[in-house]
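So the sequence shown is residues 8 to 828, counted in our numbering. C-beta atoms are modelled at their ideal positions from N, C-alpha and C, and glycine is treated no differently. Being a predicted model, the structure only gives us computed values, none of them experimental.
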Amino acid sequence: MRKKLMNGSGLALGALTAALACPPPFAFAQQALPTIEVGRVSKRVAHAPAPRAAGPVRAAPVVAAAPATGSQPAAPGPFVPSEQVLGNGPSGVVGYVARGTSTATKTNTPIIDIPQSITILTKQQLDDRASYSLDQALTYVPGVTVTGGEGNKDAVTIRGQSTSADFYRDGIRDDAEYYRDLYNIQAVEVLKGPSALTFGRGGGGGIINRVTKKADGETIRNLEVVGGSFGKRRVTADIGQAVSDTLALRLNALYEKSEGYRSYFQMERYGVNPTLTWKPLEKTFVTLSYEHYHDRRFNDRGIPSIGAPSFTEGFPAGLASFVPGYPAPAPYYQFFGNTFPTARTNNFARVDVNLVDLNMEHKTDFGLEIRNHTMLASYRKRYANTFPGENVLLFEGPPGGQMEIEGYVHNTPRTNIFNQTDLVYRFDMTPEIKHTLLAGAEIGNQRSASERNLSCFGTPETNLVVNCDGSATAVDAPFLSPTLYLPMVYGDGRERRYTNLDVASGYVQDQIAITKYIDILAGVRFDHFDLTFTGADFPLPPGADPNGQAAETAEGEIVDPINQTIRSVANKWSPRLGVVVKPIEDLSGYFAYSRSFLPASSDQFVVLTPSLAALQPQGFANLEVGVKYQITPRLLLTGALYQLDRSNQPVTVNAFNAVAVNTRTRGGEIGLVGYVTDQWQVSLGYGIQSARVLNGNNVPSEVDPWLIYTGKVTPNVPRNTFSYWNKLDVSSFFDAEPGVLGLGAGVIYNAKFYPAIDNTVIVPGYARVDGAAYVKLSKNVTAQLNVENLAGAHYFVAATNNNNIMPGAPRSAIVTVNAKF
């Protein structure tokens, strides 16, 4: 089936290439081009100041000159979609810097006028660093920690808040759990702090938005081939063209089959994303996109920890806080798990994504903009893994100690459908007071399942396990030889959970410019959240009623029902207020307050019990002050201080009950991005943050009388993060034309962090140095070499929990060749 899909993709690619290579007779190739300004960054065109001169690169690209006049009426100009259709994301992009974005406010607004901390990774920056996947791209964003994701999904911590759901595609929720590729991505935006007004629930620490490539009418013929260390092999294609005055097509395609630095790792992914943009009327645009994306990889959750808890099985976790553990001293390539009958049979992650996206926009003659955006997505996700289930016990088992290996297989399919309607209207109340009004609504439905089966291990002396009766669900493994080859099957169902979520939202926002010195952003969103959860977990705990009634154990504890249908309804208001003061044209200071919420069912809403349903929705409140200085049109300096409070965060204290704690993150960020000179581009960022539990004493002491949660550092939050990437055009040193030769260098620093809230294990901090070289081989062919971890540092890049810690890659190289036709 996979071969058929690839053959079909190849036929489609070949057919589109042939079609675009022969423009139709009604093409506009020889027509005069009208003046077109793409990606304007002015809040309102009529009041936009002219950009300052900035050398050979302009702040916003402008296409051609005005059409010639004559006796014949002017023919329709070339196909140029509006910035709203193509620019659901950055605008005014030059190199590494973007001067505006429409993502944060749903209106195209200059960065310095947005009261929020925003990091934008442009296409050039992604390309220069050879960032082909989302987790690679985010490693250079201060304040964002890429976590382990259990080896099967993107997961991050932003401002102390962990999430696997706050991901968006062109402003629409893309919250299924999988690894995202960037083959069809124009930019990645990281909006920090709650953004509920524009994105709804969640996003407490921030959100990550991928901006896709659109059919923009430009003639594009790009082919990129990648090869590198550890069997890296990848090819992508980007083909596009306007085929008439009213229609443009574009196709992005990907195929990759790579190995990795970890034992047994192998990955195969492919994707195809055709798009079209249709212009039925002069001020009406319709974009339609379909994407099929497949990713299958070896699922590896890393290595365990070793330390104080390792001396004995019964070591209290609370005491371990005073003598913490560390990642076990294992080789960076060592796999901890079971490989029967083959390593990839019981350790894999597979996802198939099919997505249809329809976006329509119309602008009336009196200035009202109407936009409607619909996305339907199907995610077929299944993964299986075996992994360390505990820390290394030094004085148990064979010399060197031992730890348990556990495993399970998990189906997590999901179907999303969302529709957004936005109305934008700009008007002047007075010559000095100008309004940009936004009113919108969103409706959506999400259907999800969580079906998990535990592993059952046999012994080398037994035949293949055929059921779990009398078989172990975990098995001891020697630390010195932790890769097992034992008979194993995935047994009877451990959990069956199904959810149906209906969402209905409405929002209003007003951006008010009071003279040229003060901007006010104010708005509110209302969300109706209706979740129906049906679940069954097996085996039942002692005292639980299989018919779904709560039961009392012999010790008098109330146990939640297991077979049950629960409904959780939340109606929440999420306000947003920001004030921007601009003492001079290119300098702004701001104050911002925003709130968001998340129902007690967690960000993936597949865990809901009566205990959780009884909790109030989680709340996020963010206070932020900041400054932004557009030093030149191509160089932006930003800084921010913030306090983010999270209330009613569920903490599971046994398998079936939960209580709520509050956390607080305080921190600051500073960033510099853009051209320092015409030959030197930089992307620099530093973040400092402290994230702690405020009222952890709510956790019952019987869990561990030595463990006190109050004051604990929340997981995956390094106190200091730093990144610095440079690209220098060195062509002039060799008497070559500009852009022929270039060098790149970067450094990443992350301080130590705790991978779990009990703070019993420390993951050491690290510094990594990267480098790159660029050469233009001909007019249409470029090549680059990227070397990651030049110094060969041994470090740990991510962690899912105390015993799933991922070593970083050793020194590795990637060669990329890009050809334009």
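- A distance below 6 Å between beta-carbons, with the five flanking residues on each side excluded, links G778 to the following residues of its chain, in chain order: A752, V794, L797.
- Minimum Cα-Cα distance from T428 among the listed residues I377, G498, R602 corresponds to I377.
- By alpha-carbon distance to S312, the top candidate from L258, E439, L400 is L400.
- In this chain, the beta strand (DSSP E) harbouring T728 covers 727–736.
- For S236, the secondary structure class from DSSP, reduced to helix, strand or coil, is helix.
- Judged by DSSP in its simplified three-state form, F272 adopts coil rather than helix or strand.
- Within 10 angstroms of the beta-carbon of R574 lie fewer than 16 other beta-carbons, which makes it exposed.
- The region 208–224 makes contact with the region 238–250: 3 or more CB pairs, one atom from each, lie closer than 8 Å.
- Unbroken beta strand (DSSP E) runs of no fewer than 3 residues, entirely contained in the region 364–403, are found at 376–395, following chain order.
- Taking all protein chains shown into account, N423 has 16 or more neighbouring C-beta atoms within 10 Å of its C-beta and is therefore buried.
- Beta bridge pairing from DSSP links G753 with W732, D777.
- Y761 has its alpha-carbon roughly 7 Å from the corresponding atom of V724.
- Apart from the 5 residues on each side of it in sequence, G374 sits with its Cβ closer than 7 Å to the Cβ of Y432, R433 in its chain, given in chain order.
- Annotated three-state conformation of F347 is coil, per DSSP.
- In this structure the region 510–529 lies against the region 578–590, because at least three pairs of beta carbons, one per stretch, are closer than 8 Å.
- Counting C-beta pairs closer than 8 Å gives three or more between the region 490–509 and the region 536–543, which meets the contact rule.
- In this structure, N669 keeps its C-beta atom at 8 Å or more from the C-beta atom of Q650.
- Checking the DSSP bridge columns, you'll see M813 partnered with A805.
- With respect to the C-alpha of T352, the residue from K759, L256, D307, L748 having the closest C-alpha is D307.
- Non-local C-beta neighbours of S603 in its own chain, meaning closer than 6 Å and more than five positions away in sequence, comprise P201, A203, G210, G211, S581, F627, ordered along the chain.
- Selection S595, V720, L792 evaluated against D120 yields S595 as nearest (Cα-Cα).
- With a contact defined as Cβ atoms closer than 8 Å, I755 and R775 qualify at about 5 Å.
- Between R421 and R454 the beta-carbon gap is near 7 Å, inside 8 Å, which marks them as a contact.
- Apart from sequence neighbours up to five positions away, the residues of its chain that approach F729 with a beta-carbon distance below 6 Å are Y693, Y756, ordered along the chain.
- By the CB criterion at 8 Å, D537 and D509 fall inside the cutoff.
- No Cβ-Cβ contact shorter than 8 Å links A820 with L784.
- Pairing T282 with L261 gives a Cβ-Cβ distance that is not under 8 Å.
- Counting along the chain, K635 sits inside the beta strand (DSSP E) bounded by residues 625–639.
- Taking C-beta atoms as the reference points, F342 and Y271 count as a pair closer than 8 Å.
- For K579, the uninterrupted beta strand (DSSP E) run begins and ends at 571–591, by DSSP.
- In this structure, the beta-carbon distance from E184 to T393 does not fall below 8 Å.
- With respect to M495, F425 sits apart: the two C-beta atoms are not nearer than 8 Å.
- As summarised for the region 148–189, the continuous beta strand (DSSP E) elements at least 3 residues long and confined to that stretch are 151–153, 163–165, 168–170, 174–176, given in chain order.
- Taking C-alpha positions only, Y103 is separated from I118 by approximately 14 Å.
- For G396, the CB contacts under 8 Å within the same chain, skipping 5 residues up- and downstream, are M410, E411, I412, E413, A481, N810 in chain order.
- In the DSSP assignment, A446 falls within the beta strand (DSSP E) that extends over 440–464.
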